[in-house]
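Count along the sequence shown from 1, add 22, and you get the number used in our numbering.
For each residue, glycine too, the CB sits at the ideal point set by N, CA and C.
See structure below.
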Amino acid sequence: MRSPQPGGNLEERHSMGTHIGHAPQDVWGAMPGGPFGSQDVVSSDNVEQYTKLVSSQIARVEIGTASRNRFQHQIARTSVGPLNFIYIRSDPLEIHRTARCIERDNQNDYLVGINLVGNAVVSHPHQRTVVDAESLFLLDKAIPYRSTHDDATARMLVSVPRRLLESRLPDPSHFLSVTPSIRNGIGRLAAHHLGLLAQEGLLLNNNTRIQAIDMALDLVGLAFQGGEAAPDPEAGAPPQSSAILLSRAKAYLRCHLDDPDMDPATVAKAMNISKRYLHKLFSTADTTFGTWVREERLTRANAMLVDPRFDHISITEIALRQGFNDIPHFSRQFRARYGYPPRMARTDAIRMTQ
């Protein structure tokens, strides 16, 4: 594959009808648009539309393709409870989630991938993993990565909230190079259950759906814990840079900002680092732990105050939802940040919509 060019398209010889394979039938079945049914399928030969869809449905990314001719792709999606399922078939491409992408969309979930057709190479900082066809793989939206597909590809991505995966894999960063096979064993069970959940999850009642999600994620956790790191002679040692650790700390915090008791000790323990080093990470970004947390909470509170969808929620409740348990303190911090009190933010927003 020639060097990818961001924004380009692929040569016409990679047409979807000839080259893009179907998922193994024992996992997904022979549905034309993937596991969800044709009503959820979007097809196009436009790489810009593909980039827009992926950025809105999965995470903000940059896309590179081999040439400026046609780029064929097909995307289907569905949601089951907190899990978002994305099925993608496409011509060869390179996907790059940069640090800038991460800062612009604040997506923090993990992606459990099922590589169905075509081999891939997934690169995290200081870590390169070869992902064979019919294998599971893991991506962390909170840190940069690059995924290269030299051949036509079909894959499933399941977006999993951090809490749900970390309760099964205490530190998922240790499993970024693990690629369990879905041809047999626990990997096959995990992939099969995820496929069934995508197809049948919306037909289940709420209690049964929750149990089915737990079962599928338990199998995913077991598959990665029992898997082996994919061998790659080009892979170097996988030390985590301060930038990566800071991204992980921010991702953890964004998932727990509603907890008023969240403090540096809790975050440091969750990341298996010292409090001193945690504070050092934030200092490298010219901020402090407390300042960053306060800014994030205030930004979220302001977004809710000016959004008419939350007009029925009191200002006190909004503050509590963002981790402020002292309402006068919240009001003072809000005024210091925006120059006016929370109530004015809401009334001005209402006035502008009338």
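Residue pairing by DSSP places A367 in no beta bridge whatsoever.
Runs of alpha helix (DSSP H) with 4 or more residues, each lying fully within the region 171-255, are found at 184-188, 207-222 and 228-248, listed in chain order. In terms of Cα proximity to A371, the closest of F304, D329 and G361 is D329.
Per DSSP, A164 lies in no beta strand (DSSP E) segment and is marked neither H nor E. Judged by their CB atoms, P166 and A220 are not nearer to each other than the 8 Å cut-off. Using a Cβ distance threshold of 8 Å, R99 and Y132 do not count as a contacting pair. Burial state of A164 is buried, judged by a 10 Å Cβ sphere holding 16 or more other Cβ atoms.
Between the alpha carbons of Q129 and K272 lies a distance of about 11 Å. Burial is judged here by how many other beta carbons sit within 10 angstroms of a residue's own beta carbon; E116 has at least 16 and is buried. P114 counts as buried, since no fewer than 16 other beta carbons sit within 10 angstroms of its beta carbon. Per DSSP, the unbroken alpha helix (DSSP H) holding L75 starts and ends at V69 to Q79. With respect to N137, R177 sits close: the two C-beta atoms are nearer than 8 Å. In this chain, A307 is not harboured by any beta strand (DSSP E), its DSSP state being neither H nor E. For Y132, the uninterrupted beta strand (DSSP E) run begins and ends at Y132 to V139, by DSSP. Of the candidates A81, A142 and L160, the residue whose Cα lies closest to the Cα of E125 is A81. Between V180 and A155, the C-beta gap is not smaller than 8 Å, which leaves the two residues out of contact. Distance between N228 and Y362, taken at the CA atoms: about 43 Å. Taking C-alpha positions only, V83 is separated from Q94 by approximately 18 Å. DSSP places I349 outside any beta strand (DSSP E); the residue lies instead in the alpha helix (DSSP H), whose first and last residues are I349 to Y360.
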